[in-house]
Amino acid sequence: MMAYWRRNSQQAQAAAEPAAAVGLVSEPARPAKTPRSRMMRQYDLVERVRSYNPNTDEALLNQAYVYAMKAHGEQKRASGDPYFSHPLEVAAILTDLKLDDATIVAALLHDTIEDTEATRTEIDNLFGPEIGALVEGLTKLKRLELVSREAKQAENLRKLLLAIADDVRVLLVKLADRLHNMRTLEFVPPASRRRIAEETLDIYAPLAGRMGMQEMREELEELSFLTLDPEAHAVVMQRLNALADRNQNLIEEIESELSASLASKGITARVVGRRKRPFSIWTKMERKSVGFEQLSDIFGFRLVMNDIEACYRALGIVHTTWPVVPGRFKDYISTPKQNDYRSIHTTVIGPGNQRVELQIRTEEMDQIAEYGIAAHAFYKDGVGSPTELLKRESNAFAWLRHTIDILSESANPEEFLEHTKLELFHDQVFCFTPKGKLIALPRHANVIDFAYAVHTDVGNSAVGCKINGKFAPLSSELQNGDEVEVLTSPAQSAPPSAWETLAVTGKARAAIRRATRTAVRGQYAALGRRIVERLFMRAKIEYADDKLTGALPRLARPSIEEVMASVGRGELKASDVARAMYPDYKEERINRFGEKKSLAVKLRLKSAPSEPPRHPVAIPIRGLNSDLPIKFAPNGGAVPGDRIVGIVSPGEGITIYPIQSPALKDFEEEPERWLDVRWDVDETTPQRFPARLLVENVNEPGSLAQVATVIAEHDGNIDNINMSRRSPDFTDLTIDLEVYDLKHLSAIIAQLRAKSVVSRVERVNG
Ligand code: MN
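Heads up, the sequence shown is in the numbering used here, so the first residue is 29 and it goes up one at a time.
Here it is, written out as structure tokens:
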């Protein structure tokens, strides 16, 4: 059992075991919680500090330990542990970061002013004003959390940053405090658990990352992930474990092969392998929309070198020993990241033909990569206070100061958002709902992603949006601080399938795919139902869902919906359905003109008075947003006013042809594919339908413009124009356009014929 935090109390004890020495970090099902019997002793804490700071003020630490323990007295945590175990563990986390005495003492005291009888004055008197100020900063933060739970998260963040303005060590204690609370989150009621985990993922984890504290960030992310999506976490863990089983010893083998090839060139390096954490794997799968197998960088290796020169020499050896994966090389040593991170990154096809991601850096860079701003705060005797050190050495600290300066100058939160907000999270954008809820999205996300982040139903029914009060397309890329109002329509039950390619987030894409799949299935089921009902009407037998339910086993379909969808898709014939329901049903074949072909041996209802009327069984056709899977004749279209017929194609739905279309000849031998259809156009909401014209044009300058103008002036919508020159004098134009109906189309044709540049106009029926 060990937590991600490499040097936490549990792992320090496990460090003597060989497995831990290799450096492979494995993930526990649940991070370790401190068993009551193993609460750290006063002596343990002092020892931990002394191990990195021989000059520690032991008396001060002891005094703080005793003071906090007495102050919290009999108080208990949600877990039933004595309350004091919490500040003690927070202090222990900070000893992992090798922080100075004042920070450790502040951690021990961090909840005393708020939760006990202790006062600032008393703490000042006992521990001095420096520690008093730290504890007071932490107290302010805690009060802030309590009062502003309902307030905007951005405002919270602003106050958080302001509260740490005086001393960055407040932030370090706050992050450790949050980390311990996350480690013990399972004892908190489920409702608050979620809120705390969301806040951690939205604010504290990115803040830790921005401060360069990657270990802290990763553990906060893992714990939030485990709380917010335990199923996804379990899935990734399962895959990781399976992979580990399949590749037993792979990490060790790669480690020793890397070490050996470096050693053969006279370079010593500390080689540490690890597999990625579930959260980073999951976000990569979501962001890139790829499956687990497609992820190349499950395994990462770190080569920690003595100096910068050795880093580049190691890089040379790696690149000449194994094939390099192109596009993965990054040199953050020559160009450090904003949070002070420095390292060389590359990916090679390494030992065992396994893609491995390598990070090459020095010990010092490694410290900063893991502990960020806290690495600068390492106790160093005689070089001034940690804050002094930070001022000189840390970009992350400079960023923090800069942010805080802007904060102090700008009066309102909007201005804050405008300038800085969220430079903090440089790969994210932060937007707001009209009610002020913060929605965090990856960079380049658009309104569709936003809508699905708010709620799946909002995404599915989104028809428009306003960004900062102005109408905008749903595909608009969002900027930090945008307030987004999504306009929804109950009439839209499923999103256009094209959204799937527009959406950036995996969440939105998956939801769109699910919704369109359901909608398409619904369309096929509706079509199937009409086909079945039509057959039953023709045959004059009664259709009833109940009766079909009884016949489901014979059709090998789980539900009526599934039967209908199968008929709609052409996988099942309507006559099969009839036969399943009425075993003595005989198929009656009717050709396209409604005449019976005489294959029925004996029609059950032959004495019926007359053919059923055509119209009641004809399927009403609306338009392309129909609830049926329809298309219009690909070469020529069809418009209301045309007499039409539907041709069913398996898996494609119905294609609507005008009855005069020559293409229908191809289907003459398959009368079962013919469907009676009729127009069902709503006059109040006019829709356009496709048609094709062939226009023979006199070749003179501007003639094409004249044709296009006529069509536009008469409210025709040109989709496409193809030109072919027939002779020096004439050009044939094939024009695909959209019109409301046959009358509209005829009017356009008449207007075109009136033009002198037009010699001939014909409608094309494909
Ligand atoms: Mn606390």
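By construction, the Cβ of each residue, glycine as well, lies at the ideal position given by its N, Cα and C atoms. No experiment lies behind these values; they were computed from the predicted model shown.
| Pro668: which of Ile649, Ile559, Gly679 sits nearest, CA to CA? | Position 640 of the sequence shown, counting from 1, holds the residue named residue 668. Closest by alpha carbon: Ile649.
| Given that a residue counts as buried once 16 or more other Cβ atoms are within 10 Å of its Cβ, and exposed if not, what is Val94? | Residue numbering aside, residue 94 sits at position 66 when the sequence shown is read from its first letter. Val94 comes out exposed.
| query | Where do the N-terminal and C-terminal ends of the beta strand (DSSP E) with Phe695 fall, by residue? | reply | Here the question's residue 695 lines up with position 667 in the sequence shown. Looking at the DSSP string, Phe695 is not in any beta strand (DSSP E), and its letter there is neither H nor E.
| field | Alpha-carbon to alpha-carbon, Pro581 and Met565 | value | Translated into the one-based positions of the sequence shown, residue 565 becomes position 537. Translated into the one-based positions of the sequence shown, residue 581 becomes position 553. Near 24 Å, if we compare the C-alpha coordinates of Pro581 and Met565.
| task | Indicate, with yes or no, if the ligand MN has a heavy atom lying under 7 Å from the CB of His472. | result | As a first step, residue 472 is located in the sequence shown; it is residue number 444 there, counting from the start. Result no, Cβ not under 7 Å from the ligand MN.
| request: Taking 5 Å as the limit, tell me which residues put their C-beta closer than that to any heavy atom of the ligand MN, in chain order. | output: Counting only heavy atoms of the ligand MN, the residues whose C-beta sits closer than 5 Å to one of them are, along the chain, Asp139, Asp205.
| Of the residues Tyr768, Lys783, Gly294, Asp710, which one's Cα is nearest the Cα of Thr737? | Against the sequence shown, residue 737 aligns to sequence position 709. For the residues Tyr768, Lys783, Gly294, Asp710, the minimum Cα distance to Thr737 belongs to Lys783.
| Between the region 602 to 612 and the region 557 to 574, are three or more C-beta pairs nearer than 8 Å? | yes
| request: State the Cα-Cα distance for the pair Ala519 and Asn488, rounded to the nearest angstrom. | output: Taking the sequence shown and counting its residues from 1, the one referred to as residue 519 is at position 491. Taking the sequence shown and counting its residues from 1, the one referred to as residue 488 is at position 460. For Ala519 and Asn488, the distance between alpha carbons rounds to 10 Å.
| Hey, Lys293 and Ile326 are a contact pair by Cβ (cut 8 Å); roughly how many whole angstroms apart? | Reading the sequence shown from its first residue, position 265 is the one you call residue 293. Reading the sequence shown from its first residue, position 298 is the one you call residue 326. Contact doesn't hold; Cβ gap of about 28 Å is too wide.
| Thinking C-beta only, is Thr374 closer than 8 Å to Asn334? | As a first step, residue 334 is located in the sequence shown; it is residue number 306 there, counting from the start. As a first step, residue 374 is located in the sequence shown; it is residue number 346 there, counting from the start. No, the Cβ-Cβ distance between Asn334 and Thr374 is not below 8 Å.
| field | Contacts around Leu343, its chain only, beta-carbon distance under 8 Å, and the 5 residues preceding and following it disregarded | value | Position 315 of the sequence shown, counted from the start, is the residue given in the question as residue 343. Closer than 8 Å at the Cβ level, and outside the excluded window around Leu343, lie Ile372, Thr374, Ile388.
| field | Same chain, Cβ closer than 6 Å to Ile224, five either side skipped, listed in chain order | value | Counted from its first residue, the sequence shown places residue 224 at position 196. Taken in chain order, the list of residues that qualify is empty.
| message | Using 8 Å as the cut-off, can you tell me whether the region 569 to 578 makes contact with the region 521 to 541, which would need three or more C-beta pairs spanning the two stretches below that distance? | response | no
| task | Compare the C-alpha of Pro7 against each of Thr712, Glu150, Thr759, Met239 and name the closest. | result | Because the chain here runs from 29 to 794, residue 7 falls outside it and cannot be looked at.
| Based on the DSSP secondary-structure assignment, which residues constitute the bridge partners of Gln734? | In the sequence shown, the residue the question calls residue 734 occupies position 706. Answer is none; Gln734 lacks a bridge partner.
| query | If we count Cβ pairs, one from each stretch, closer than 8 Å, do we get three or more for the region 106 to 117 versus the region 153 to 172? | reply | no
| request: Between the Cα of Leu125 and those of Gly744, Ser517, Ile588, Ser79, spot the shortest distance and give me the residue it belongs to. | output: Against the sequence shown, residue 125 aligns to sequence position 97. For the residues Gly744, Ser517, Ile588, Ser79, the minimum Cα distance to Leu125 belongs to Ser79.
| said: Would Glu790 pass as an interface residue toward chain D - the criterion being a Cβ-Cβ separation below 8 Å? | reply: This model lacks chain D altogether, as it is built from one protein chain only.
| field | For Phe329, the nearest candidate out of Leu286, Ala593, Leu136, Tyr71 (CA to CA) | value | Within the sequence shown, the letter at position 301 stands for residue 329. Nearest of Leu286, Ala593, Leu136, Tyr71 to Phe329, Cα basis: Leu286.
| request: Note down, one range per segment and in chain order, each alpha helix (DSSP H) of at least 4 residues found wholly within the region 208 to 238. | output: 218 to 227, 233 to 238
| task | Could you round the C-beta distance between Gly665 and Ala719 to whole angstroms and report it? I think they count as a contact, below 8 Å. | result | Here residue 665 is taken as the residue at index 637 of the sequence shown, counted from 1. Here residue 719 is taken as the residue at index 691 of the sequence shown, counted from 1. Correct: roughly 5 Å between the Cβ atoms.
| Can you tell me the Cα-Cα spacing of Leu213 and Asp195, whole angstroms? | Against the sequence shown, residue 213 aligns to sequence position 185. Against the sequence shown, residue 195 aligns to sequence position 167. Roughly 28 Å between the two C-alpha positions.
| query | Which same chain residues, not among the five before or five after Ala397, have their C-beta less than 7 Å away from its C-beta? | reply | Stepping through the sequence shown from its first residue, residue 397 is reached at position 369. Once the five neighbours on either side are set aside, the close Cβ partners of Ala397 are Gln242, Tyr369, Ser371, Arg389.
| query | How would you label Asn750, buried or exposed, when you count the other beta carbons within 10 angstroms and need 16 or more for buried? | reply | For the purposes of this step, residue 750 is taken as residue 722 along the sequence shown, with counting starting at 1. The residue is exposed, with fewer than 16 neighbouring Cβ atoms inside 10 Å.
| request: Go ahead and pull the three-state DSSP assignment for Pro46. | output: Position 18 of the sequence shown holds residue 46. In this prediction, Pro46 scores a pLDDT of 34, lower than 50, which makes its location untrustworthy; the coordinate-derived value is nonetheless stated afterwards. It is helical.
| request: Can you say whether Phe215 is buried or exposed, counting buried as having 16 or more other CB atoms within 10 angstroms of its CB? | output: Taking the first residue of the sequence shown as 1, we reach residue 215 at position 187. Exposed, since its Cβ has fewer than 16 Cβ neighbours within 10 Å.
| Does the Cβ-Cβ distance between Thr167 and Ile132 come in under 8 Å? | Numbered from its first residue, the sequence shown carries residue 167 at position 139. Numbered from its first residue, the sequence shown carries residue 132 at position 104. At least 8 Å separates the beta-carbon of Thr167 from that of Ile132.
| task | Express the C-alpha separation of Arg781 and Leu765 in angstroms, rounding to a whole number. | result | Here residue 765 refers to the residue found at position 737 of the sequence shown. Here residue 781 refers to the residue found at position 753 of the sequence shown. So the two alpha carbons sit approximately 16 Å from each other.
| field | Through-space distance from Gln551 to Pro524, alpha-carbon basis | value | For the purposes of this step, residue 524 is identified with residue 496 of the sequence shown, where counting begins at 1. For the purposes of this step, residue 551 is identified with residue 523 of the sequence shown, where counting begins at 1. So the alpha carbons of these two residues sit roughly 14 Å apart.
| Beta-carbon proximity list for Asn725, same chain, < 8 Å, skipping 5 on both sides | Counting from 1 along the sequence shown, the entry for residue 725 is found at position 697. Excluding sequence neighbours, Asn725 sits near Ser731, Leu732, Val735, Phe758, Thr759, Asp760, Leu761, Val785, Val786, Ser787.
| field | Sequence-distant residues of its chain with Cβ nearer than 7 Å to Val723 (five each side left out) | value | Along the sequence shown, read from residue 1 onward, the residue named residue 723 stands at position 695. Correct list, in chain order: Val735, Leu761, Ile763, Leu780, Val786, Val789.
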